[in-house]
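Asks: Residue numbers (the working numbering): 7 to 116.
1. Would you tell me roughly how many angstroms separate the C-alpha atoms of residue 26 and residue 102, rounded to the nearest one?
2. In three-state terms, what does DSSP make of residue 7?
3. Roughly how many angstroms lie between the CA atoms of residue 7 and residue 107, to the nearest whole one?
4. Going by CA-CA distance only, name the one from 55, 13, 62, 67 that's closest to residue 31.
5. Taking the alpha helix (DSSP H) that residue 172 belongs to, which residues open and close that run?
6. Note down the Cα distance separating residue 105 from residue 29, rounded to an integer number of angstroms.
7. Can you give me the Cβ contacts of residue 90 inside the same chain, cut-off strictly under 8 Å, excluding the 5 residues immediately before and after it?
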């Protein structure tokens, strides 16, 4: 899907989702203001509000009147697909096995 196929509010939704997936936005992080997002994506504030509504519906963010919008606690889990989670788990397991192997080699050679 090219950028021309995506509605302006969807570009914001996809952008925020990608930042969550990459860890650039973590649980509790404050999103930029409506005006900042409107400037960043070159859209009207109403378009930003529609995107924020979509992100709230997906439970990726929550908003407080007068304080702003924040990444929800479960957003990083929701933003990840099962394949990404599986790869991360495998990376942790490989790191643990490598550490154990290092210990065994130290005992052998030490």
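All C-beta atoms in this analysis are idealised placements derived from N, C-alpha and C, irrespective of residue type, glycine included.
Just so it is clear, the structure is predicted and the values come from calculations on it, not from any experiment.
Replies: So, from the listed chains and residues:
1. 26 Å
2. Residue confidence for residue 7 is low, a pLDDT of 49 falling below 50, so the modelled location carries little weight and cannot support an answer.
3. Low per-residue confidence applies at residue 7: pLDDT is 49, beneath 50, and the placement is therefore not dependable, though the value from the model is reported in the following sentence. For residue 7 and residue 107, the distance between alpha carbons rounds to 45 Å.
4. 67
5. Since the first and last residues shown for the chain are 7 and 116, residue 172 lies out of range.
6. 25 Å
7. Non-local beta-carbon contacts of residue 90 in its own chain, meaning distances under 8 Å to residues more than five positions away in sequence, involve 27 in chain order.
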